[in-house]
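Some notes on the structure that comes next.
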């Protein structure tokens, strides 16, 4: 059973298509909370309403998505 005290991974309903700049809407239904919600490694499909391209994205582990240090971190 999932630990509901921890924050669940949020996946956006829309993204911006990198080919044409239009909105791409999510095709994949979200998993139920009983199933633990979105998990790292899940595939999420989007369809662009402008160019009709399909984008299949992989849900990343939030712990792995830390930003690398920037130059301003070393001042």
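Residue numbers (our numbering): 123 to 197. Where is the CB? At the ideal position from N, CA and C, for every residue including glycine.
Own chain partners of residue i with C-beta closer than 8 Å, once the 5 adjacent residues on each side are dropped
i	result
residue 159	124, 130, 131, 152, 153
residue 135	147, 148
residue 161	131, 153, 181
Nearest candidate by alpha-carbon position, reference residue i, set the options
i	options	result
residue 179	143, 185, 169	169
residue 144	173, 150, 181	173
residue 138	184, 155, 156, 177	177
Three-state secondary structure assigned by DSSP to residue i
i	result
residue 124	For residue 124, the predicted model reports a pLDDT of 47, less than 50, meaning its position is unreliable; a value from the coordinates is still stated below. Note: residue 124 maps to coil in three-state DSSP.
residue 141	coil
Contact set for residue i: own chain, Cβ-Cβ below 6 Å, skip 5 residues either direction
i	result
residue 141	173, 175
Spatial neighbours of residue i in its chain, beta-carbon cut-off 7 Å, leaving aside the 5 residues before and after
i	result
residue 163	180, 181
residue 166	133, 148, 150, 179, 181
Range of the contiguous beta strand (DSSP E) that encloses residue i
i	result
residue 168	165 to 170
residue 178	176 to 180
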